[in-house]
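Residue numbers (my numbering): 6 to 497.
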């Protein structure tokens with residue numbers, strides 16, 4: 006499927022589902038039937054896998070409507086029903102497809118897209134941690150008095166799964182410090198979710214790595230320096246670098262998919278590419294450059310935040326390296342949580358492709374469409390559909406006490422899973438519905454031509470201004486906008 010044809014397909018899909026009648030019919034497919042004990046959408050997706058259900062007349066009618074819509078969408082997107090069936094064989098892909106269809110039913114084919122359940126939820130599984138990182142958003146240390154117990158945690162997993170969440174990432178604190186981690190993570194995997202864990206890596210022995218290889222799909226290890234001096238100073242405990250690197254080696258030896266995560270600040274910006282070099286030497290699959298967010302203990306080192314110029318130069322250098330890595334077919338892929346990364350890719354690709362044309366004339370431009378996806382040949386329209394910052398659109402977070410938040414870096418309590426169902430919070434939260442509407446953005450982000458591609462980091466806006474709709478102060482285009490406004494004032 007070409008990206009040009011899919012661009013046209015998205016436009017047609019928007020026209021098909023904008024009407025309230027169509028969306029009402031689609032929403033009926035996600036309501037559980039008291040007679041069939043199932044949802045029409047689940048009956049339909051089973052049929053794409055060759056499994057057939059006895060269904061009541063009402064459910065069969067709704068299935069027919071859904072079947073018509075999905076078959077039409079597949080034809081528009083030039084995707085075969087066989088390809089859909091193959092994707093549905095993987096449980097977490099099935100959940101992701103279901104969440105995407107539910108998003109269209111509840112929110113329309115919006116720009117950018119909002120899924121009917123998060124594609125991934127980051128769960129701060131505990132506040133307890135064995136390090137003392139200077140930038141910790143969770144302000145981790147000792148366990149909190151009211152953290153979810155094991156039974157409550159298992160109920161949360163069940164709730165997320167029934168709400169069609171496709172991926173769950175255990176974070177912290179240090180999630181491996183909870184004795185019930187493997188029990189809860191195994192249950193999430195049994196529920197059909199893609200399971201990952203974000204860890205400082207210091208507790209990963211050979212035995213732990215072996216156990217993780219059987220429990221989770223992916224492990225992300227934090228590493229903030231290419232040398233012990235830089236990393237240990239940032240992480241607050243001597244010897245942590247050596248233990249984290251050893252943990253990475255143990256994971257790779259056990260065949261675990263591994264990512265190395267680095268938070269970029271003024272303290273380590275000169276080491277970022279050295280850390281990537283180390284990541285490649287270790288044989289890790291991914292390198293992820295995290296935005297610094299001034300929340301938690303991060304508020305104490307706000308002066309370490311990159312300037313807009315430093316961030317722009319770093320993102321350009323990361324983009325150039327990711328393209329060359331793909332061209333050279335290197336194992337390690339490069340990502341960033343900065344939503345500006347997609348815009349940088351769109352602006353940089355033509356120049357870089359000119360440089361690479363002599364090396365590989367058929368190489369397609371690559372755009373970092375999301376935090377975890379690099380897509381060749383991406384058009385502006387599809388980049389706008391994917392949409393940069395995913396807080397409240399395709400992503401949510403949980404606190405150790407079960408509070409739902411738009412993002413781990415945005416400590417706004419939307420509800421608590423001890424008292425409410427996750428699906429209701431996700432679909433109807435006023436805060437989330439504001440975050441989903443890019444027309445509500447303020448400041449420079451509101452007038453930026455890339456507001457649908459990027460949208461600015463909403464957590465950085467909240468951290469700096471206490472307003473998640475304000476502009477992202479770390480963007481180079483903010484400086485350009487300020488200069489334009491000043492020039493306009495001078496003229497008038």
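Quick reminder that beta carbons are idealized off the backbone N, C-alpha and C, glycines included.
query                                                                                                                             : result
Proximity below 9 Å, CB of residue 332 to CB of residue 373                                                                       : no
Opening and closing residue of the beta strand (DSSP E) in which residue 152 lies                                                 : Per DSSP, residue 152 belongs to no beta strand (DSSP E) and is neither H nor E.
Cβ neighbour criterion (16 or more within 10 Å) applied to residue 29                                                             : exposed
Alpha-carbon spacing of residue 351 relative to residue 313, whole angstroms                                                      : 18 Å
Residue range of the alpha helix (DSSP H) that includes residue 70                                                                : 62 to 82
Span separating the alpha-carbon of residue 105 from that of residue 387                                                          : 15 Å
Complete alpha helix (DSSP H) runs within the region 392 to 471 (minimum length 4 residues, chain order)                          : 427 to 433, 435 to 440, 448 to 452, 463 to 470
Residue nearest to residue 438 in terms of C-alpha spacing, selected from 422, 460, 411                                           : 411
Those runs of the beta strand (DSSP E) which lie wholly inside the region 224 to 311 and span at least 3 residues                 : 262 to 268, 291 to 295
Straight-line Cα distance separating residue 449 from residue 490                                                                 : Its pLDDT being 49, under 50, residue 490 is placed unreliably in this model, and the coordinates cannot settle the point.
Boundaries of the beta strand (DSSP E) in which residue 199 is found, first to last residue                                       : 199 to 204
Three or more C-beta pairs below 8 Å linking the region 282 to 294 and the region 448 to 462                                      : no
Cβ-based neighbour list, residue 320, same chain, cut-off 7 Å, excluding 5 preceding and 5 following                              : 341, 343, 345, 346, 349
Residue environment, residue 35, which counts as buried when at least 16 other CB atoms sit within 10 Å                           : buried
Close Cβ partners of residue 434 (< 6 Å) along its chain, the five nearest in sequence each way excluded                          : 419
Cβ distance (whole Å) where residue 168 is taken to contact residue 122 below 8 Å                                                 : 5 Å
Chain-order list of residues whose beta-carbon lies under 6 Å from that of residue 474 (same chain, five-residue window excluded) : 445, 446, 447
Assigned exposure category for residue 73 - 16 Cβ within 10 Å defines buried                                                      : exposed
Three-pair Cβ contact test at 8 Å for the region 201 to 218 versus the region 150 to 166                                          : no
Local conformation of residue 53 per DSSP, three classes                                                                          : helix
Buried versus exposed call for residue 258 [16 or more other C-beta atoms within 10 Å across all chains shown]                    : exposed
Residues sharing a beta bridge with residue 133, DSSP                                                                             : 146
Residues bridged to residue 379 [DSSP beta-bridge criterion]                                                                      : 373
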